Structures are given as C-alpha cells and as structure tokens.
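Peer 1:
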Amino acid sequence: MLNLTVHVKPGSRKGPLVVDDPDGTPDHPSVTVFLQQRAVEGAANDALVALLAKHFMVAKRDVSIIRGHTSKIKHLRIDRS
C-alpha cells in the first residue's frame, strides 16, 4: 500500500502528466499531476484516478482518494497487490 500526496492542476494544457515533487519524503511521496479535464462534476477526480492507475500499473479500483475530493491537494491510497 502506498500513501501519496497529489497536487492537482486541472484544466492544464500540459496534461496528462505526472511529475515527482521534491517536497515528498520516502515515507510519504508527493507528486504534481497536470490534467486537461476541468474540475467539474468530478471529471478531474475520475481522470486523476485513471492516470495514476496507469502510471503505477494497477487497476482503477486500487486507487482511492482518501482526503481532498474537492481540493487541489489530495491524499490518495494505492493498493499494490
């Protein structure tokens, strides 16, 4: 299991892109994610889960948003079995 802090940049022209954040620690890594989807009706959250599942090579059901559903800073849990 991996706990991850994610800084989301919705509506970005760069996206989709995952960038390691130097503020993270080995115990609690942090990344910045650039998404093209806007933060409307959960579209950015859905895109975030799909992108991180692909990035970490796990199923979408293994990626869950723990905290920050309506915030740009989110805490996620990724189950790697």
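Residue numbers (our numbering): 426 to 506. The C-beta atom is built at its ideal place from N, Cα and C for all residues, glycine as well. Since the model is a prediction, treat every value here as computed from it, not as a measurement.
Assess contact between the region 444-456 and the region 468-476, defined as three or more Cβ pairs (one per stretch) separated by less than 8 Å. Is contact present?
Peer 2: Judged by Cβ distances under 8 Å, the region 444-456 makes no contact with the region 468-476, as fewer than three pairs qualify.
Peer 1: Secondary structure at His480, three-state DSSP: helix, strand or coil?
Peer 2: His480: helix per DSSP, three-state reduction.
Peer 1: The beta strand (DSSP E) that contains Asp448, what's its start and end?
Peer 2: Looking at the DSSP string, Asp448 is not in any beta strand (DSSP E), and its letter there is neither H nor E.
Peer 1: Any idea what DSSP makes of Lys499, helix, strand or coil?
Peer 2: Three-state DSSP puts Lys499 in a strand.
Peer 1: Residues in its own chain within less than 6 Å of Arg492 by CB, not counting five upstream and five downstream?
Peer 2: Taken in chain order, the residues that qualify are His500.
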